[in-house]
Structure formats: structure tokens, C-alpha cells
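Since the structure comes first, as C-alpha cells, the remarks are kept for the end.
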Amino acid sequence: MEKKPFYITTPIYYPSDKLHIGHTYCTVATDAMARYKRLTGCEVMFLTGTDEHGQKIEDKAREAGVTPQRFVDNIVQGERGILDLWKLMNISNDRFIRTTDSYHVSAIQKIFKKMYDNGDIYKGTYKGKYCKPCESFWTESQLVDGKCPDCGREVQDAEEEAYFFRLSKYADQVRRLLEDTDFLEPRSRVNEMVNNFIKPGLEDLCVSRTSFTWGIPVDFDPGHVVYVWVDALSNYITALGYDNDQYDDYSKFWPADVHFVGKEIVRFHSIIWPAMLMSLGEPLPKKVFGHGWLLLDGGKMSKSKGNVVDPYILAEMFGVDALRFFLLRTFPFGSDGNFSNEALIQTINVDLANDLGNLLSRTVSMVGKYFGGRLPESQAEDAGKDGELVELISGLRARYEAQMEQYAFQNALAEVFKVIGRANKYIDENAPWVLAKDMEANGPRLARVMYNLLEVLRVSGVLLTPFMPASAQEVLNQIGACEDCRTWDSAGVYGALEKGAAVRRGDNLFPRVDADKALAQLEEAAQAAKRAALPDLEVEPQLEEKVDFDTFCKSDFRAVKVKACENVKKSEKLLKFTLDDGTGTDRQILSGIAKWYKPEELVGKTLMAIVNLPPRKMMGQESCGMLISAVHTEKGEEQLNLLILDDKIPAGAKMC
Ligand code: MSP
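Quick note: to get our numbering, add 315 to the position in the sequence shown (first position is 1).
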């Protein structure tokens, strides 16, 4: 029988900082859902990745003294980077997209062009607020108390040429989608979207920038780069092969079954993304689920607050499965939840060590002790008193499924742990140690009691697999579950385990955590991290990627003489140069070196420039090329030295 396709995604993460436990939460939830769907027999496509363009990354790379590409490569692929983290957390994604992947880049250019050609993207003027020291544009709504959200300083009115997407055209259609269908969940988020964004009037969206370059160039208008959200949202289709030849899964997996996204980016996914798809004439995803945040002491986790929690430290101390389990057992997925080390330790000790761990170790050791590790085939039929437990086991899968289908991970796990709790009570009620005193009379009954306990462990083991893949398999190994009784089908029935099951005692899967000791250790780790206060991921000085010789030879490096030089109005960084490049026509180059050079000291100097780069607009003025300088860091301060040539070298002399 053909498997039903199921397509699920996480947001693609910014590789600007190390990921923390909040990011891990979202990916673990998606992983649990993907594994659950695979268990139920679907053919799953689970996509995650990284969102690598934009001004923020460009700025961070500059601070680190490397190219943006080198910077993101390090955070994505470097040691303890994003790929390492997902490997550690046992994330089973089928695909990983990076928005710098060349197939994605060219697909975005095609998507942008399609929307331009159909009239939904047009050229206009972006009017916004400008923060001079940060050289950043902001919209009115991004300002905090009317000031720059980054540095808190005064902003001024500014304009730049930009492309716009006719979002306003789709306002009614999007509103109907939100209000009349169950596209967006939880439903509480619908009101927020409609009241805060649609009712006040959806404005057209600025979808290109000229004030920085680290983005996907608009191929029919160089100098403009595509707005990061247009680039990022489209990942969900380019990763399937939309407008590219890298993959061929679009017809099988699109529309997505669900996009899991954090609450702060619901707006992009439930308004802008459907409108973009409407413009492209493509089907809409079936659902967007906006999950809550993990908070720390009631507030946001953030690097600037220094309160981020490192998943590496937690996974190393408590185990990956315990951490995964805690995240989904403790917090209702649709709402915010307060993360604390105390809660983590408590969940491990109560649910895992006490309830599940004890049930497993007691059952396995009793089967060992009373039956030499293998249950006899002849077992007493269920006496009436087993009815309740048997019924609980038989109906567990259906109750769990009902919750999983609503992404209610916490409730699905609560259903499993209700049965585990009941089974522990069942041991006390049946007192196997008393039955074992007279094996001749009670042997078959004792075997049945043990069998029922193994069945609880079997069904629970199967249903816990999406949450704790390695430990749940180990539970199933210890109770001697055969392949056929680890399946989704078998989890729906009582009695799938063969009667003569042989158990095999293994390691203590969930050791009790000594809370005081663990908390002290965590405190120490947090202090050590603060002391170290190093960049998140050290960017090693490395050579840049190789370029082939022919490509390099196309670069037109030449000597240029400075005819005039002045500060650019409203910019603290930029100098404007008028240059003689040997062609007889003046060349204008803007360069962000005002911090190191005064205009007057450069007039008359002979510099080195590359002159065949596409023109760029900065602060509304055209820059045709780039001056060459050497950059290094001294006592934490960036230093820059222009490459100044001997005055006797004529303008236009080529570098070879
Ligand atoms: N790059 C965008 C997403 C583009 S999707 C087309 C982005 N990246 S992010 O790295 O900032 O965030 C990725 C996800 O992590 C978001 O869904 C965000 O809500 C989630 N989380 C970040 N901190 C979180 C918590 N403290 N708790 C839960 N989720 C959190 O946004």
C-alpha cells in the first residue's frame, strides 16, 4: 500500500548566535511529530535548516573579521554548531536547507521575478526611519519608544528605492483564510493576527534592500537584495524542488501538512507566506501551528540578557532523551512555559526514574527472579481484577493518537504515564513477592501479572519512541519485544507480546538525579561560561574558499588616483571618492572607512581598487567598485589600512 505523505517543517534558524534550549524545543517537538507520523506508517518529509542572509549576519561577520559565508559556515557546520546540535539531539530531519545553497538562491530569483512579472512586485520608495550610528532602516512599528530598537538612539526620516509586494491586495483572502478555516492554530492566535495586523490595514511589504549586500541579488536589478523573509519563507518549497532541479518532491509533499513556528513569527507564516503563495498561484500549507516560548524567570531567553541555556550542557549532564522528554512532557505546546533546572530534575526523577524506570527494573528483575528470565506459556486467564489495566492498555494508543493529532504532546505523554502509574499500583495490589511464595499454586497467576506489566511496558515503549528514541528502544529490548510487537498496529492491541517472552536485564535507563549536586554543577557550568565570555563559536582564522584562476583573472584591480574625497552626509562611516581610474571618466566609490581616514589626507594619493563589481547604492548614492585595504584586530579594536601605492604609479595601472 502506498504510504501517505506527511510534510512537516521547523523554522529555519538564524546562524547568528549559538542555538539555545528554546530553539531546541521547537526542533525536538517537530522531530517527535515526524517520528510519530513515521511510526503510524506515513512517508515523512521533515525539513529544517538555516536562514543565512541579512544585515545582522553581515554585521556579525564584519565584527568577527571574516566573510559572511565563512561566518555562517562556522556556526552551521563548525564544532558544536547547528548540525552538531541536531545530531546530538537525535533529530531525524530528512532534509537540511541552507538559504545560501545555490539551488535555493536561483529559485528565489525566479520566484521574485515571477511575482514581479505578474505585477505583484513593483518598484517604489521605502520611507522609514533611519538610525545614523547603526546605519539601519526601521519601520515606525519596529521602533522602541520612538527610538532605534538596537541602540536606543534618536532616528530620523529617510527614503530609499525599493521593491514592494502587493500584500494589501491579498488582505481579504488572508483574513478569510484565518477566520473561516483552521489554517492557524491555536485559534487564540487568529484574533491576534486579525486585530493587530489585518484590521488596521495591511500595507504593501518592502521586499528588497539596497543598504547592505549580504542577500540574494535581484538578478534583474543589481544593487537590490531580496528581503530576508521572502528568501526564508520560500525555503519550504525550494527544498522540495520548486523552481530548481536539485529535488523533485514538490508534487508529492506540497502543500505542507504543518509548519511549526514560534509565536513571534506567526505573522510572517500566516499572513505574508499565504499571500506570497496566492501570488504564485500555489496551494497553501494545510496548517501553521504557533507554539509558545520557553521563558527563563518569566522573561525571554536572549543573548543580551546573558540568560540563554546551553542544550549541550544539559544533554551531557542528563542525557539527550531525558532532555527531549522534559521539553515535551512539561510545557503545553501552544503556550509559554517557564524553563528551570529544578523542573527538569524533578521530571527526570518523578516520571523517568520513579515511574517508568522503576516499573521496568522491577518487572524485569521479577521475571528474572521468579521465572529465570522467561515467562511460562501457561498463564492464568485474566481474573476480573486485571480488567481495568487490560482496558487501559488496549485503549492507550487511541487516546495518545487523539492528542498527538492535535500536537498536544504534553497530553499524549500524560496518557502514557497514567497507565505506567496504574501499573506500578497494580504491582503493589498483586504483591508478586507473596504469590511467589507458592509457585505451584500461584505460578500461572504470577506469570499473568508479569505479562500484564510487560504489556504496559511494550505499548508504552512503542508510544514513547517518538519522544525518547534510544531509551524507548532499550525498554523494548529489555522486555524482549519482537519486531512485530514494536509496531504502531501492535501498540493498539493488548496481548501482542508472545507469552513466553524472555527478558534481558540491562542498564538502569533513568538513574535518579541528585538535585543538590546537579544544581551546583549547573551553576558552576553557567559561571564558567560567563567567565569564558568568548565569542559563541570561535571563528578560526582560515583561508577563504578557493576561486578558480580564470574567475580570478576577470577581477579588474587597478591603481586609482584620488581626485576628491568627502564625508557622505548623514553617515558616520562612509567617505565618497572621485577617482581617476585611467579611463578618462571619473569613477565614484563609497567606502566605509571614515573611522580611520580623514578625507583631506587622502586627496592626491594613489590607491588600489577593484572596479568591475556591479554598482551598489549606499545612502542613495552609487558606488562603482571597492577600495582595497587590510583589516585586522588590535586590542579588540578593528584596524584598517588602505593599500596606498607609490605616487609614481599611473592611474589605471593593472595589478597582475
Ligand atoms: N529565521 C527565522 C525563521 C524563518 S522561517 C522561514 C527565525 N529564526 S530564529 O533562529 O530566530 O528562531 C527560530 C525559531 O526558534 C522560532 O520559531 C522561534 O520562535 C524559536 N525560538 C527562539 N527562542 C525560543 C524560545 N525561548 N522558546 C521557544 N521557541 C523559541 O525566527
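No residue lacks a Cβ here, since even glycine has one placed at the ideal position from N, Cα and C.
Endpoints, beta strand (DSSP E) assigned at residue i
i, result
"Tyr329", "No beta strand (DSSP E) contains Tyr329, which DSSP labels as neither H nor E."
"Leu610", "609 to 611"
"Phe479", "471 to 480"
"Asp901", "901 to 906"
"Asp572", "Here Asp572 belongs to no beta strand (DSSP E), and DSSP marks it neither H nor E."
"Phe892", "890 to 895"
"Leu955", "952 to 957"
Backbone CA spacing between residue i and residue j [nearest angstrom]
i, j, result
"Asp374", "Val540", "16 Å"
"Leu675", "Val790", "7 Å"
"Tyr351", "Thr780", "8 Å"
"Asp901", "Cys971", "23 Å"
"Leu482", "Val883", "34 Å"
"Asp962", "Ser938", "24 Å"
"Met404", "Phe575", "18 Å"
"Arg490", "Ala835", "51 Å"
"Asn664", "Gln392", "35 Å"
"Tyr418", "Leu400", "25 Å"
"Met616", "Ile531", "30 Å"
"Phe583", "Met430", "18 Å"
"Ile372", "Thr415", "12 Å"
"Asp612", "Asn656", "11 Å"
"Pro929", "Arg410", "34 Å"
Residue i - DSSP class collapsed to helix/strand/coil
i, result
"Phe427", "helix"
"Ser407", "coil"
"Ala751", "helix"
"Phe648", "coil"
"Arg285", "A query on residue 285 cannot be resolved here, the shown segment of the chain reaching from 316 to 971 and no further."
"Met508", "helix"
"Thr866", "helix"
"Ser989", "This structure cannot settle anything about residue 989, because the visible part of the chain is limited to 316 through 971."
"Asp743", "helix"
"Phe321", "strand"
"Met364", "Here residue 364 turns out to be Gly, not Met, going by the sequence shown. Strand."
"Ala921", "First, the residue type needs correcting, since residue 921 is Thr and not Ala in the sequence shown. Thr921: strand per DSSP, three-state reduction."
"Leu548", "helix"
"Trp453", "strand"
"Phe498", "coil"
"Ala966", "coil"
"Arg677", "helix"
"Tyr816", "Looking at the sequence shown, residue 816 is not Tyr but Ala. Coil, per DSSP."
"Ser526", "coil"
"Lys832", "helix"
"Arg931", "strand"
"Ser483", "helix"
"Glu518", "coil"
"Gln561", "coil"
"Gln661", "helix"
"Glu378", "helix"
"Glu937", "strand"
"Tyr722", "coil"
"Ala879", "strand"
"Thr440", "strand"
Interface flag, residue i vs chain D, CB-CB below 8 Å
i, result
"Pro537", "In the structure shown, chain D cannot be found, because there is only a single protein chain."
Residue range of the alpha helix (DSSP H) that includes residue i
i, result
"Glu696", "Element bounds for Glu696: n/a, residue is neither H nor E."
"Ala796", "Here Ala796 belongs to no alpha helix (DSSP H), and DSSP marks it neither H nor E."
"Arg712", "702 to 719"
"Ile586", "No alpha helix (DSSP H) holds Ile586; DSSP gives it neither H nor E."
"Phe386", "383 to 392"
"Cys341", "336 to 354"
"Glu597", "Where Glu597 is concerned, there is no enclosing alpha helix (DSSP H), given that its DSSP letter is neither H nor E."
"Ser617", "No alpha helix (DSSP H) contains Ser617, which DSSP labels as neither H nor E."
"Glu631", "626 to 633"
Any non-hydrogen atom of ligand 3 closer than 7 Å to residue i Cβ
i, result
"Cys521", "In the structure on display, ligand 3 does not appear, and the ligands it does have are ligand 1."
Give a yes or no on contact between the segment 641 to 657 and the segment 356 to 373, applying the rule of three or more CB pairs nearer than 8 Å. no
Would you be able to state if there are at least three C-beta pairs under 8 Å between the segment 767 to 774 and the segment 701 to 718? yes
Segment contact flag, the segment 870 to 883 with the segment 918 to 931, C-beta cutoff 8 Å, min 3 pairs: yes
Taking 8 Å as the cut-off, does the segment 608 to 617 touch the segment 514 to 524 (at least 3 CB pairs, one atom from each stretch)? no
Contact between the segment 718 to 738 and the segment 804 to 813: three or more CB pairs below 8 Å? no
Between the segment 558 to 575 and the segment 453 to 466, do three or more beta carbon pairs fall short of 8 Å? no
Using 8 Å as the cut-off, can you tell me whether the segment 740 to 755 makes contact with the segment 679 to 693, which would need three or more C-beta pairs spanning the two stretches below that distance? By the Cβ criterion, the segment 740 to 755 is in contact with the segment 679 to 693, since at least three pairs of Cβ atoms, one from each stretch, lie closer than 8 Å.
Say whether the segment 327 to 346 touches the segment 622 to 642, bearing in mind that this needs 3 or more beta-carbon pairs closer than 8 Å, one atom from each stretch. yes
May I ask you to verify whether the segment 784 to 804 touches the segment 723 to 734, counting CB pairs closer than 8 Å and requiring at least 3? no
Is the segment 826 to 841 in contact with the segment 658 to 673, if contact means three or more CB pairs nearer than 8 Å? yes
Quick check: the segment 630 to 639 against the segment 519 to 534, are at least 3 beta-carbon pairs closer than 8 Å? no
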